[in-house]
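One structure is given below, encoded as structure tokens.
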Amino acid sequence: MTMIRTYLRASTKDQDASRARAELQTFVDQRGLKIAAEYMENESGASLARPELFKLIDQAHVGDILLIEQVDRLSRLKADDWENLKAKLAAKRIKVVALDLPTSHMMIDTNEFTGRMFEALNSMMLDMLAAISRKDYDDRRKRQAQGIAKIMADPITKAVKFKGKAEDVRRNTHVAELLKSGKSWSDVQALTGVSRMTVAKVAKRVREGAQ
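Per the numbering used here, residue 720 is the first one in the sequence shown, and the count goes up by one each step.
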């Protein structure tokens, strides 16, 4: 029996990988079907190091459906890695269905003969969209690198963009007063909660000011 296995992915830990869950559920409900298993992770689509995706492939039966929101949720891979992933999917004849790829929707309920024709067409479309996703990924990284290089080339912009955390003047003034009153570094740390590095920095200013 063919099972539908959903795959949800976000690139970073602070992104919501479950964001598209409702859309996938609606797609399945409209066809009177059910989701057999859900796989979700926060990993880069440009890397093959995705435990949940390979868990899905390992647990899938021949002919199962891998349902995703967009092709880029499955791949922003380089060509060689994409071919590697496709080979693993093909080994179990896992059908990839993406909400943003209408030709793939027919993979769910076509007969075997018609399904093979759509499978060939869908494979070409997947290749094209995977290549576009990778190009978009590379272009964005290139623009980011160019932006950083431009900032680093301008001393003023660099100072504004990469300036450190603003100094707590009131706190450091209090630290200086405690040091001047004869308190030890450990006492100052206990009274103010600052790090020993901060005490050292303020102590240096106090010494330089007394010279």
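Every residue, glycine too, gets a C-beta built ideally from N, C-alpha and C.
Please read all numbers here as calculations on a predicted model, not as lab measurements.
N- and C-terminal bounds of the alpha helix (DSSP H) containing residue i
| i | result |
| --- | --- |
| V815 | Element bounds for V815: not the alpha helix (DSSP H) but the beta strand (DSSP E), K814 to A817. |
| T745 | R740 to D748 |
| L796 | Element bounds for L796: n/a, residue is neither H nor E. |
| S766 | Premise fails: S766 is in no alpha helix (DSSP H) and is neither H nor E. |
| S823 | P821 to H824 |
Candidates the options: closest to residue i by CA position
| i | options | result |
| --- | --- | --- |
| D733 | E762, R926, A850 and R795 | E762 |
| A849 | H824, D791, R862 and T892 | D791 |
| E757 | R860, N803, R853 and Q744 | Q744 |
| I787 | A810, S823 and Q865 | S823 |
| T725 | L818, L845 and A810 | L818 |
| A739 | R728, S903 and Q749 | R728 |
| K902 | I776, R859, A736 and V925 | V925 |
| R890 | V816, E760, D800 and S914 | S914 |
| M825 | L898, W801 and V747 | V747 |
| P821 | L804, N803, S842 and Q778 | S842 |
| K807 | V781, I827, R795 and Q908 | V781 |
| V898 | D887, T911 and E886 | Position check: residue 898 holds Leu in this sequence, whereas Val was assumed. Cα-wise, what sits closest to L898 is T911. |
| V888 | W904, V815 and T917 | T917 |
| V815 | L775, R853 and M720 | L775 |
| M922 | S737, R795 and A895 | The residue you asked about is not Met; residue 922 is Ala in the sequence shown. A922 has its Cα closest to that of A895, out of S737, R795 and A895. |
| I754 | E742, H893 and T731 | E742 |
| R769 | Q865, D858, A810 and L796 | L796 |
| L767 | M759, N803, M720 and I851 | N803 |
DSSP state of residue i mapped onto helix, strand, coil
| i | result |
| --- | --- |
| T731 | coil |
| L775 | helix |
| I851 | helix |
| G866 | helix |
| A810 | helix |
| A872 | helix |
| S842 | helix |
| E831 | At E831, the pLDDT of 48 sits below 50, so the modelled position is not reliable and the matter cannot be decided from this model. |
Bridge partner(s) assigned by DSSP for residue i
| i | result |
| --- | --- |
| L786 | T725 and V816 |
Where the beta strand (DSSP E) containing residue i begins and where it ends
| i | result |
| --- | --- |
| E755 | The question names Glu, but residue 755 is Ala in the sequence shown. That run of the beta strand (DSSP E) goes I754 to N761. |
Cβ of residue i within 8 Å of any chain C Cβ
| i | result |
| --- | --- |
| A755 | In the structure shown, chain C does not exist; there is a single protein chain. |
What runs of the alpha helix (DSSP H), each 4 residues or longer, lie entirely inside the segment 888 to 929? Assignment of alpha helix (DSSP H) within the segment 888 to 929, counting only whole runs of 4 or more residues, yields 888 to 899, 904 to 911 and 915 to 929 in chain order.
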